[in-house]
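Residue numbers 48 to 204, in the working numbering, belong to the letters of the sequence shown in order.
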Amino acid sequence: MAAIEERPYLKGRLCFKVIRNGEVVREAKDNLIVTTGRNALAKLLSGQTGMHVAQVGVGSGSGAPAEDDTALTDSVTVNIAEARVGDNLEAEDGTVFSDARIVQFHFVFGTDVAVGLSISEYGLFCADGALFSRVVRETPFVKTNLDKIVGFWQITF
48 MAAIEERPYL KGRLCFKVIR NGEVVREAKD NLIVTTGRNA LAKLLSGQTG
98 MHVAQVGVGS GSGAPAEDDT ALTDSVTVNI AEARVGDNLE AEDGTVFSDA
148 RIVQFHFVFG TDVAVGLSIS EYGLFCADGA LFSRVVRETP FVKTNLDKIV
198 GFWQITF
């Protein structure tokens with residue numbers, strides 16, 4: 048029997064912008080899809096309910112992403128504002144494209160959410176609270192009531 052060629056099967060990317068007084072700072076980071084996220088996806092494919100992606104969170108943890116991550120530190124979450132599959136997808140530069148292998152989860156942290164939190168990590172969460180994937184920023188920033196975070200988390204199959 049021939050060996051099975053290994054290839055990346057799932058990958059994710061977080062794209063967001065911080066808007067402060069009309070000024071925009073953009074950032075994009077590849078993410079690690081953690082073990083609990085892969086387990087949730089397998090359960091979802093088998094028909095189990097409650098395993099879909101439902102929230103994005105921010106936290107203050109600074110440790111490197113690891114396969115066994117299960118939570119964010121001091122986590123504050125918001126519900127997914129919109130999920131897009133295949134069509135009307137947003138590129139990092141704001142243009143629109145289509146790709147049947149991609150799902151995007153759009154989110155907004157308003158000016159009144161996570162105020163005072165030193166944000167250094169982001170997480171994508173399933174409806175049952177399981178962490179799906181995690182990103183850590185190189186430099187944390189303290190969110191103020193002048194900051195709005197808008198973005199999308201993209202998963203490519």
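We put the beta carbon where it would ideally sit given N, CA and C, even for glycine. What you are looking at is a predicted structure, and each value in this text was computed from that prediction instead of being measured.
Could you tell me which residues DSSP puts in a beta bridge with residue i?
i    : result
F204 : According to DSSP, which records beta bridges pairwise, F204 is partnered with nothing at all.
D77  : R60
V132 : V150
S180 : I80 and L171
D194 : R67
Q102 : N126 and F172
Would the beta-carbon of residue i fall within 8 angstroms of that of residue j?
i    : j    : result
Q102 : I127 : yes
V197 : V160 : no
T158 : K195 : yes
With burial defined as no fewer than 16 other Cβ atoms inside 10 Å of the residue's Cβ, what is the status of residue i: buried or exposed?
i    : result
N78  : buried
T120 : exposed
G104 : buried
Closest to residue i by CA distance: which of the options is it?
i    : options                   : result
R85  : L193, R181 and S109       : R181
A111 : A138, T191, V183 and K195 : V183
N135 : S145, G141 and F172       : S145
F179 : R148, K64, N68 and H99    : H99
V125 : A174, V143, T117 and T186 : A174
L164 : P187, E74 and I202        : P187
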